Amino acid sequence: MTEINELLQGFQRFRVKSFEPNREMYNRLAMKGQTPRTLLIGCSDSRVDPAILTDSAPGDLFVVRNVANLIPPYETTGRFHGTSAALEYAVCNLQVNNIIVLGHSHCGGISALLDGYGENDEGEGYIAPWVRIAAPARDEVLRRWPDASREFRQRACERAGVRTSLNNLMTFPFIRQRVEEGGLRMYGWYYDLENGELMQYDPDKDRFYDLYFGPLAADIP
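Numbering (the working numbering), first residue to last: 6 to 226.
Take a look at the structure:
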């Protein structure tokens with residue numbers, strides 16, 4: 006129960022430090038509803054919380070989190086499409102203006118993909134078929150850099166996975182239409198856990214580049 010008690014104590018601190026001083030904002034969100042301008046697809050990894058990383062307030066982001074921040078291709082078969090349903094709600098109902106796919110270093114889902122997790126297992130597991138969404142990213146990395154180190158391939162595959170998700174987003178008709186009409190913009194981000202740095206994908210040059218925000222206090226001599 007220690008872990009649960011810590012969470013409950015954290016909620017009490019939230020009530021005192023965040024909710025009460027901003028009661029008017031929370032009441033407004035409750036009564037008028039949410040109007041986030043950005044949909045952010047992030048990883049379920051506990052180290053990469055999109056609201057913390059972007060210092061966003063309640064109501065700023067509509068967040069979808071799953072293993073390896075993956076977007077499946079558009080399809081209408083089957084019954085359960087949690088990620089696709091969230092995309093539809095954000096784009097068609099909330100009318101967001103931006104979609105961000107946020108990848109990160111040391112991603113366990115991408116690591117499983119590189120290790121061939123579940124490649125020969127057609128059982129009842131959920132992880133293997135999910136991470137295989139990024140198989141095109143893995144295959145590209147292995148083809149381009151067959152002799153690279155595991156660390157290099159891991160990072161390259163994490164970034165390529167972001168690109169795969171961006172490509173899959175465009176297979177959804179309601180997303181493609183709004184992008185082509187100019188009402189929706191898409192971004193690919195990659196967060197470096199060790200260094201607290203962020204990269205952004207440039208589709209014109211097909212590469213990621215650093216977003217520079219100046220030195221951290223600890224880096225200033």
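Where a beta carbon is used, it is the ideal one built from N, C-alpha and C, also for glycine.
Note that the structure is predicted; figures quoted are calculated from it, not measured.
Please report how far the alpha carbon of residue i lies from the alpha carbon of residue j, in whole angstroms.
i    : j    : result
A56  : R42  : 14 Å
R52  : R137 : 23 Å
R70  : T59  : 15 Å
I46  : V68  : 6 Å
D215 : L92  : 27 Å
S154 : R148 : 13 Å
W268 : Y79  : This structure does not reach residue 268, given that the chain is present from 6 up to 226, and the question cannot be answered.
L99  : T7   : 39 Å
N102 : V96  : 8 Å
F16  : G64  : 18 Å
D211 : L171 : 12 Å
L44  : Y94  : 10 Å
G38  : E199 : 37 Å
W194 : L13  : 33 Å
P208 : S61  : 26 Å
Within 10 Å of its beta-carbon, does residue i have 16 or more other beta-carbons around it, so buried, or fewer, so exposed?
i    : result
A139 : buried
Q159 : buried
L118 : buried
E163 : buried
C48  : buried
A35  : exposed
G130 : exposed
F19  : exposed
F179 : exposed
N173 : buried
F157 : exposed
Near residue i, what residues of its chain come up, given a Cβ to Cβ distance below 6 Å and the 5 sequence neighbours on each side ignored?
i    : result
R181 : M175
Y227 : This structure cannot speak to residue 227, because the chain is shown only from 6 to 226.
R183 : L189
I104 : L44, M191
V146 : R158, A161, C162, A165
Whose C-beta lies closer than 7 Å to the C-beta of residue i among residues of the same chain, with five residues either side of it excluded?
i    : result
P141 : T169
F177 : Y79, L92
Nearer than 8 Å: is that true of the beta carbon of residue i relative to any heavy atom of the ligand GDP?
i    : result
W194 : The model depicted lacks the ligand GDP and carries no ligand whatsoever.
Apart from the five residues just before and just after residue i, which ones in its own chain have a Cβ nearer than 8 Å to its Cβ?
i    : result
Y217 : none
T40  : G64, L99
L66  : P41, T43, L44, L45, P55, A56, T59
Beta strand (DSSP E) segments (min. 3 residues) lying fully within the segment 34-89:
Within the segment 34-89, the runs of beta strand (DSSP E) that reach at least 3 residues and sit entirely inside it are, in chain order, 43-48, 66-71.
Touching or not, the segment 106-116 and the segment 74-83, by the rule of three or more beta carbon pairs under 8 Å?
Judged by Cβ distances under 8 Å, the segment 106-116 makes contact with the segment 74-83, as three or more pairs qualify.
Note down, one range per segment and in chain order, each beta strand (DSSP E) of at least 3 residues found wholly within the segment 150-191.
none
Validate contact between the segment 18-25 and the segment 81-89 using beta carbons, cut 8 Å, 3 pairs
At 8 Å Cβ cutoff, the stretches do not touch.
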